[in-house]
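Chains as they are written, first to last, in UniProt numbering: chain A, 1 to 213; chain B, 1 to 213. Each residue gets a CB set at the ideal place from its N, CA and C atoms; glycine is no exception.
There are 2 protein chains.
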Amino acid sequence: MVKKIPKPSLARLPKYYQVVTSYLNRKNEKYISSSYLSDCLNIDDSQIRRDLMYIEIGGIPRVGYDAKELRDVLADYLGYFNLNEAILVGVGNLGTALAEYKGFERYGLSIVGLFDSDPEKIGNLVGNLKVDNIENLEQVIKKFNIKIGIITTPARYAQQIAEKMIKANIKAIWNFAPVTLDIDEDIFIQDENLAENFSFISHYLKETEPEKE
Amino acid sequence: MVKKIPKPSLARLPKYYQVVTSYLNRKNEKYISSSYLSDCLNIDDSQIRRDLMYIEIGGIPRVGYDAKELRDVLADYLGYFNLNEAILVGVGNLGTALAEYKGFERYGLSIVGLFDSDPEKIGNLVGNLKVDNIENLEQVIKKFNIKIGIITTPARYAQQIAEKMIKANIKAIWNFAPVTLDIDEDIFIQDENLAENFSFISHYLKETEPEKE
Numbered sequence: 001m002v003k004k005i006p007k008p009s010l011a012r013l014p015k016y017y018q019v020v021t022s023y024l025n026r027k028n029e030k031y032i033s034s035s036y037l038s039d040c041l042n043i044d045d046s047q048i049r050r051d052l053m054y055i056e057i058g059g060i061p062r063v064g065y066d067a068k069e070l071r072d073v074l075a076d077y078l079g080y081f082n083l084n085e086a087i088l089v090g091v092g093n094l095g096t097a098l099a100e101y102k103g104f105e106r107y108g109l110s111i112v113g114l115f116d117s118d119p120e121k122i123g124n125l126v127g128n129l130k131v132d133n134i135e136n137l138e139q140v141i142k143k144f145n146i147k148i149g150i151i152t153t154p155a156r157y158a159q160q161i162a163e164k165m166i167k168a169n170i171k172a173i174w175n176f177a178p179v180t181l182d183i184d185e186d187i188f189i190q191d192e193n194l195a196e197n198f199s200f201i202s203h204y205l206k207e208t209e210p211e212k213e
Numbered sequence: 001m002v003k004k005i006p007k008p009s010l011a012r013l014p015k016y017y018q019v020v021t022s023y024l025n026r027k028n029e030k031y032i033s034s035s036y037l038s039d040c041l042n043i044d045d046s047q048i049r050r051d052l053m054y055i056e057i058g059g060i061p062r063v064g065y066d067a068k069e070l071r072d073v074l075a076d077y078l079g080y081f082n083l084n085e086a087i088l089v090g091v092g093n094l095g096t097a098l099a100e101y102k103g104f105e106r107y108g109l110s111i112v113g114l115f116d117s118d119p120e121k122i123g124n125l126v127g128n129l130k131v132d133n134i135e136n137l138e139q140v141i142k143k144f145n146i147k148i149g150i151i152t153t154p155a156r157y158a159q160q161i162a163e164k165m166i167k168a169n170i171k172a173i174w175n176f177a178p179v180t181l182d183i184d185e186d187i188f189i190q191d192e193n194l195a196e197n198f199s200f201i202s203h204y205l206k207e208t209e210p211e212k213e
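1. Can you give me the Cβ contacts of F115(B) inside the same chain, cut-off strictly under 6 Å, excluding the 5 residues immediately before and after it?
2. By alpha-carbon positions, which one of T180(A), P61(A), K68(A), I55(A) ends up nearest to K27(A)?
3. Would you check if the stretch 8-27 of chain B and the stretch 12-27 of chain A touch, i.e. whether three or more CB-CB distances between them fall below 8 Å?
4. Helix or strand or just coil, what does DSSP make of K142(B)?
5. Short check: CB of I151(B) to CB of A172(B), under 9 Å?
6. Taking the alpha carbon of I146(A) as the point to measure from, which residue in N175(A), N197(A), I87(A) has its own alpha carbon closest?
7. Measuring only between beta-carbons, confirm whether K212(B) sits less than 9 Å from chain A.
8. Check the Cβ-Cβ distances between A195(B) and every residue of chain A, and say whether any is below 9 Å.
9. List, in chain order, every chain B residue whose beta-carbon is nearer than 9 Å to that of Q18(A).
10. Checking the sheet assignment: what are the DSSP bridge partners for F188(A)?
11. So, helix, strand or coil for D132(B), using DSSP?
12. Quick one, are the C-beta atoms of N175(A) and D186(A) less than 9 Å apart?
13. Per DSSP, F104(A) is paired with what?
14. Would G58(A) pass as an interface residue toward chain E - the criterion being a Cβ-Cβ separation below 9 Å?
15. Does the beta carbon of K27(A) come closer than 9 Å to any beta carbon on chain B?
16. Starting from E207(B) and walking both ways along the alpha helix (DSSP H), at which residues does that stretch end?
17. Would K121(B) be called buried (16 or more neighbouring beta carbons within 10 Å of its own) or exposed?
18. Going by C-alpha distance, which of T153(A), G58(A), Y65(A) is nearest K30(A)?
19. Have a look at A99(B), Q139(B), A195(B), K130(B) and flag the residue whose alpha-carbon is nearest the alpha-carbon of A195(A).
20. Where does G95(A) sit, in a helix, a strand or coil, going by DSSP?
21. In three-state DSSP terms, what is I183(B)?
22. From which residue to which residue does the alpha helix (DSSP H) around V73(A) run?
23. Put A86(B) into one of helix, strand or coil per three-state DSSP.
24. Can you find a C-beta in chain B that's less than 9 Å from the C-beta of I148(A)?
25. So, is the C-beta of S110(B) closer than 9 Å to a C-beta in chain A?
26. If you follow the beta strand (DSSP E) that V112(B) is part of, which residue opens it and which one closes it?
27. For a test of the three-state rule: what should DSSP assign to I148(A), helix, strand or coil?
28. Which residues bound the alpha helix (DSSP H) around S35(A)?
29. Between L109(B) and V126(A), what straight-line distance do the alpha-carbon atoms span, to the nearest angstrom?
30. So what does L125(A) bridge to, in DSSP terms?
31. Mind checking if A155(B) is an interface residue toward chain A, Cβ cutoff 9 Å exclusive?
32. Given a cut-off of 9 Å, decide if Q18(A) and T180(B) are closer than it, judged by their beta-carbon atoms.
33. Measure the C-alpha to C-alpha separation of Y23(A) and A168(B) and round it to an integer number of angstroms.
34. Could you give the distance in angstroms between the alpha-carbon of R71(A) and the alpha-carbon of N42(B)?
35. Report the partner residues of L17(A) according to the DSSP bridge assignment.
36. Taking CB distances under 9 Å as the criterion, tell me whether S38(B) reaches chain A.
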């Protein structure tokens with residue numbers, strides 16, 4: 001039995017996927033070595049080999065991994081071959097940025113619906129989609145059996161939007177509102193608190209420049 | 001000597017900060033328990049106590065932590081008391097969302113300059129800042145001794161922008177462009193690859209619904 005992959009290892013797999021994909025695009029080589037991945041990503045060689053054991057791909061000692069096989073096994077493991085349809089609520093700047101972003105399809109994500117409560121936004125075309133009235137949210141989720149909800153509303157609306165999504169049977173929420181959602185149901189919540197992530201930088205600067213106060 | 005904090009522990013500290021801050025705003029209580037934090041965040045009690053040992057704050061058994069002390073020690077540790085000035089390059093939707101976001105100051109981040117190469121954007125007012133010409137980037141960084149550069153350009157420009165920032169002596173880069181920067185210098189890079197983070201969701205959906213292909 002394969003052990004459950006730890007979250008930090010899972011977080012590195014998309015990086016390996018990115019490197020091996022661009023390697024295949026640029027080079028005419030059958031194999032890719034863990035030391036090549038290590039150089040590109042500044043991650044320890046041994047760490048990379050341990051991570052790849054979770055996806056059950058075997059390398060050849062002193063040669064490396066079959067690059068195409070590695071790419072495909074990673075894509076399959078990460079679910080990129082499945083097309084995951086999502087709806088997004090909150091068509092502000094961040095919501096618009098996500099709706100217009102071209103790179104998601106490669107990762108299996110297709111945003112198929114946009115919702116807002118602002119009459120000025122409803123009906124506008126954003127990234128080829130017409131912004132729909134938030135009142136139609138539950139109906140659309142159910143009708144098209146959407147599994148993923150993306151929340152890019154201001155913090156104060158996030159909880160009620162999440163509850164509506166869950167009532168309509170969404171399975172995973174990607175939450176960009178800077179608030180911790182209070183959810184009892186067995187739903188997968190991926191929080192993106194951008195301000196929180198800034199803490200890595202502020203902590204680093206504080207540690208390296210202790211004289212600055 | 002205090003051990004260096006592991007990255008997953010560091011990543012949780014802003015969440016504790018958020019909970020203890022809202023606890024102090026809403027309740028008139030001196031102490032906050034690790035089990036309260038645990039309930040709010042769905043993180044193990046024992047994990048929370050281990051994380052807080054890194055910031056050298058002691059709790060009282062069966063009572064908890066002094067809430068104000070906890071908030072202040074976390075804020076200090078995370079560098080929130082320092083005001084960190086940053087400049088941002090790439091005033092598209094994502095750049096605009098970050099520039100207009102009101103929540104950063106609480107985390108010690110102040111965006112003080114916006115840059116773009118698009119003549120249609122230069123001179124526009126975004127979140128109280130006038131968009132400056134990218135040609136002035138290095139000069140402004142040096143003049144105001146800016147330590148943090150935020151990159152929200154398309155992927156193909158990110159490397160050259162990063163190099164310009166580093167030449168002007170920036171210390172940390174917050175990179176939102178979906179590309180791995182190739183940097184030799186001792187610079188702190190915080191990558192935010194939103195599409196990569198989606199992998200947590202796609203992997204989860206694949207694991208829980210193996211029949212879907």
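In terms of the structure at hand:
1. The count along the second sequence starts at 1 and reaches residue 115(B) at position 115. Once the five neighbours on either side are set aside, the close Cβ partners of F115(B) are V89, D132, I134, L137.
2. Reading the first sequence from its first residue, position 27 is the one you call residue 27(A). Closest by alpha carbon: K68(A).
3. no
4. Within the second sequence, residue 142(B) is the residue found at index 142, counting from 1. Here K142(B) sits in helix by DSSP.
5. Taking the second sequence and counting its residues from 1, the one referred to as residue 151(B) is at position 151. Taking the second sequence and counting its residues from 1, the one referred to as residue 172(B) is at position 172. No, the Cβ-Cβ distance between I151(B) and A172(B) is not below 9 Å.
6. If you number the first sequence from 1, residue 146(A) lands on position 146. For I146(A), the nearest C-alpha among the options comes from I87(A).
7. By one-based count along the second sequence, residue 212(B) stands at place 212. Confidence is the limiting factor: at K212(B) the pLDDT is only 45, short of 50, which leaves the residue's position unreliable, though a coordinate-based value still follows. Yes, because at least one Cβ of chain A sits closer than 9 Å to the Cβ of K212(B).
8. Along the second sequence, one-based indexing puts residue 195(B) at 195. By this cut-off, A195(B) is an interface position.
9. By 1-based counting over the first sequence, the position of residue 18(A) is 18. By Cβ distance, chain B contributes P178, V179, T180, N193, E196.
10. Taking the first sequence and counting its residues from 1, one reaches residue 188(A) at position 188. Its beta-bridge partners are A172(A).
11. By one-based count along the second sequence, residue 132(B) stands at place 132. Residue state, collapsed to three classes: strand.
12. Numbered from its first residue, the first sequence carries residue 175(A) at position 175. Numbered from its first residue, the first sequence carries residue 186(A) at position 186. The answer is no: Cβ separation not under 9 Å.
13. If you number the first sequence from 1, residue 104(A) lands on position 104. BP columns for F104(A) are empty, so no partner.
14. The chain labelled as chain E is not found among the protein chains of the depicted structure, namely A and B.
15. Along the first sequence, one-based indexing puts residue 27(A) at 27. It does not: the Cβ of K27(A) has no partner Cβ on chain B nearer than 9 Å.
16. Position 207 of the second sequence, counted from the first residue, corresponds to residue 207(B). Segment 194-208, the alpha helix (DSSP H) holding E207(B).
17. Looking up residue 121(B) in the second sequence gives position 121. Buried is the call here.
18. Position 30 of the first sequence, counting from 1, holds the residue named residue 30(A). Nearest C-alpha to K30(A): Y65(A).
19. In the first sequence, the residue the question calls residue 195(A) occupies position 195. Comparing Cα positions, the closest option is A99(B).
20. If you number the first sequence from 1, residue 95(A) lands on position 95. The answer is helix: DSSP assigns G95(A) an H, G or I state.
21. The sequence position of residue 183(B) within the second sequence is 183, counting from 1. I183(B) falls in the coil class under three-state DSSP.
22. Taking the first residue of the first sequence as 1, we reach residue 73(A) at position 73. Run containing V73(A): 67-77, per the alpha helix (DSSP H) assignment.
23. On the second sequence, residue 86(B) is found 86 positions in, with the first residue counted as 1. If DSSP states are grouped into helix, strand and coil, A86(B) belongs with the strands.
24. On the first sequence, position 148 is the one that residue 148(A) refers to. Chain B contact via Cβ: present.
25. One-based indexing of the second sequence puts residue 110(B) at position 110. So no, S110(B) is outside the interface.
26. Walking along the second sequence from the start, residue 112(B) turns up at place 112. Per DSSP, V112(B) belongs to the beta strand (DSSP E) from 109-116.
27. Counting from one through the first sequence, the residue named residue 148(A) turns up at place 148. It is a strand residue.
28. The residue given as residue 35(A) occupies position 35 in the first sequence. S35(A) -> alpha helix (DSSP H) spans 34-41.
29. Numbered from its first residue, the second sequence carries residue 109(B) at position 109. Numbered from its first residue, the first sequence carries residue 126(A) at position 126. If you take the alpha carbons of L109(B) and V126(A), they lie about 30 Å apart.
30. Taking the first residue of the first sequence as position 1, residue 125(A) is located at position 125. Its beta-bridge partners are K130(A).
31. As a working mapping, residue 155(B) is identified with position 155 in the second sequence. It does: the Cβ of A155(B) has a partner Cβ on chain A nearer than 9 Å.
32. As a position in the second sequence, residue 180(B) is number 180, starting the count at 1. As a position in the first sequence, residue 18(A) is number 18, starting the count at 1. Contact: yes.
33. To locate residue 23(A), count along the first sequence from 1; it is residue 23. To locate residue 168(B), count along the second sequence from 1; it is residue 168. Looking at the two C-alpha atoms, the distance is approximately 31 Å.
34. Taking the first residue of the first sequence as 1, we reach residue 71(A) at position 71. Taking the first residue of the second sequence as 1, we reach residue 42(B) at position 42. Rounded to whole angstroms, R71(A) to N42(B) spans 34 Å at the Cα level.
35. For this step, residue 17(A) is matched to residue 17 along the first sequence. Before going further, note that residue 17(A) is Tyr rather than Leu in the sequence given. For Y17(A), which the question treats as bridged, DSSP gives no partner whatsoever.
36. Here residue 38(B) refers to the residue found at position 38 of the second sequence. So, not an interface residue.
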